[in-house]
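Heads up: the sequence lines are chains C and L, in that order. Heads up: the first sequence begins at 101 in this note's numbering, then just goes up one per residue. Heads up: the second sequence begins at 90 in this note's numbering, then just goes up one per residue. The structure under discussion appears below in the form of structure tokens.
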Amino acid sequence: AQTVTQSQPEMSVQEAETVTLSCTYDTSENNYYLFWYKQPPSRQMILVIRQEAYKQQNATENRFSVNFQKAAKSFSLKISDSQLGDTAMYFCAFIENLQGGSEKLVFGKGTKLTVNP
Amino acid sequence: KAGVTQTPRYLIKTRGQQVTLSCSPISGHRSVSWYQQTPGQGLQFLFEYFSETQRNKGNFPGRFSGRQFSNSRSEMNVSTLELGDSALYLCASSSLGGSHSPLHFGNGTRLTVT
């Protein structure tokens, strides 16, 4: 079974600084997709960034970037110039292929990030 | 374009009752997935529907069921509610499926079982 591990239950960072959230995963597949989702107090899960395993180049979305180390099965999220609105739970997730062409997301337990003014 | 809409936002039920949750996907999306979120277990996959067919189901008892209508709207039903069913239930839609097109989540339904 695929698993996703986030070893940091909580983190805090000062506004405008940089923070890195860790994620490791376990899979026997060679081609797969990884995601970081953000869940603010509004509860809606919002896609932050996505990485395709066959692409060696790390994905970047504005202030968000990842450090994808396929051999180490590591997928960390870097948030630059942290803003108060970045305060949220962050979930690392992995796509698991199921029978019948279906897929499901396997989530880590999450990291609660607080950005302090 | 309207996002994924889940109703109701909050629900309080007592043990033994049954409940139905509703999810309206983004227009044009044919895949609808349901996830249960609890502090202890985190986010767990319940099931996925595509074009009115359940393509897969997670490791949940038969008390959890769902369906999808021809307009892609989906409902999830939980019968004989237990205290442990208290959770945030999230619905997500996509045009094809997670790796091919991103999942868009709703705001969830917070179910409390007393």
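We put the CB at the ideal spot given by N, CA and C, even for glycine. Owing to the predicted nature of the structure, the values given are computational and were not obtained by experimental measurement.
Grouping DSSP H, G and I as helix and E and B as strand, with all else coil, what is residue i?
{"i": "residue 192(L)", "result": "coil"}
{"i": "residue 185(L)", "result": "coil"}
{"i": "residue 126(C)", "result": "strand"}
{"i": "residue 170(L)", "result": "coil"}
{"i": "residue 208(C)", "result": "coil"}
{"i": "residue 151(L)", "result": "coil"}
{"i": "residue 131(L)", "result": "strand"}
Using the C-alpha atoms, what's the distance from residue j back to residue i?
{"i": "residue 193(L)", "j": "residue 154(C)", "result": "23 Å"}
{"i": "residue 103(C)", "j": "residue 132(C)", "result": "13 Å"}
{"i": "residue 235(L)", "j": "residue 167(L)", "result": "This structure does not reach residue 235(L), given that chain L is present from 90 up to 203, and the question cannot be answered."}
{"i": "residue 66(L)", "j": "residue 113(L)", "result": "In this structure chain L extends from 90 to 203, so residue 66(L) is not present and cannot be described."}
{"i": "residue 146(C)", "j": "residue 160(C)", "result": "16 Å"}
{"i": "residue 173(L)", "j": "residue 106(L)", "result": "13 Å"}
{"i": "residue 169(C)", "j": "residue 169(L)", "result": "45 Å"}
{"i": "residue 108(C)", "j": "residue 210(C)", "result": "8 Å"}
{"i": "residue 176(C)", "j": "residue 118(C)", "result": "13 Å"}
{"i": "residue 160(L)", "j": "residue 172(C)", "result": "43 Å"}
{"i": "residue 204(C)", "j": "residue 136(C)", "result": "15 Å"}
{"i": "residue 175(L)", "j": "residue 97(L)", "result": "14 Å"}
{"i": "residue 75(C)", "j": "residue 157(C)", "result": "Here chain C has residues from 101 to 217 only, and residue 75(C) is not among them."}
Let me make sure I understand the geometry here. Which of the options has the alpha-carbon closest to that of residue i?
{"i": "residue 182(L)", "options": "162(L), 102(L), 103(L) and 200(L)", "result": "162(L)"}
{"i": "residue 118(L)", "options": "106(L), 100(L) and 91(L)", "result": "91(L)"}
{"i": "residue 124(L)", "options": "108(L), 107(L), 148(L) and 142(L)", "result": "148(L)"}
{"i": "residue 52(L)", "options": "102(L), 156(L), 93(L) and 94(L)", "result": "Only positions 90 to 203 of chain L appear in this structure, which leaves residue 52(L) out of reach."}
{"i": "residue 216(C)", "options": "195(C), 193(C) and 187(C)", "result": "187(C)"}
{"i": "residue 203(L)", "options": "120(L), 133(L) and 100(L)", "result": "100(L)"}
{"i": "residue 212(C)", "options": "138(C), 166(C) and 174(C)", "result": "138(C)"}
{"i": "residue 95(L)", "options": "180(L), 132(L), 122(L) and 140(L)", "result": "180(L)"}
{"i": "residue 137(L)", "options": "151(L), 121(L) and 164(L)", "result": "121(L)"}
{"i": "residue 142(L)", "options": "128(L), 164(L), 199(L) and 129(L)", "result": "164(L)"}
Any beta carbon from chain C within less than 8 Å of residue i's own beta carbon?
{"i": "residue 194(L)", "result": "yes"}
{"i": "residue 134(L)", "result": "yes"}
{"i": "residue 177(L)", "result": "yes"}
{"i": "residue 97(L)", "result": "no"}
{"i": "residue 137(L)", "result": "yes"}
{"i": "residue 144(L)", "result": "yes"}
{"i": "residue 105(L)", "result": "no"}
{"i": "residue 131(L)", "result": "yes"}
{"i": "residue 173(L)", "result": "no"}
{"i": "residue 114(L)", "result": "no"}
{"i": "residue 197(L)", "result": "yes"}
{"i": "residue 122(L)", "result": "yes"}
Is residue i buried or exposed, if buried means 16 or more other CB atoms sit within 10 Å of its CB?
{"i": "residue 116(C)", "result": "exposed"}
{"i": "residue 162(C)", "result": "exposed"}
{"i": "residue 145(L)", "result": "buried"}
{"i": "residue 196(C)", "result": "buried"}
{"i": "residue 197(L)", "result": "buried"}
{"i": "residue 190(L)", "result": "exposed"}
Any Cβ of chain L within less than 8 Å of the Cβ of residue i?
{"i": "residue 191(C)", "result": "yes"}
{"i": "residue 122(C)", "result": "no"}
{"i": "residue 111(C)", "result": "no"}
{"i": "residue 142(C)", "result": "yes"}
{"i": "residue 213(C)", "result": "no"}
{"i": "residue 134(C)", "result": "no"}
{"i": "residue 163(C)", "result": "no"}
{"i": "residue 204(C)", "result": "yes"}
{"i": "residue 209(C)", "result": "yes"}
Measuring only from the beta carbon, is residue i closer than 7 Å to any heavy atom that is part of the ligand COA?
{"i": "residue 201(L)", "result": "Summarising the ligand content, the structure contains no ligands, and the ligand COA is consequently not present."}
Positions along the segment 165 to 193 of chain C whose CB lies within less than 9 Å of some CB in chain D: The structure shown contains no chain D; its protein chains are C and L.
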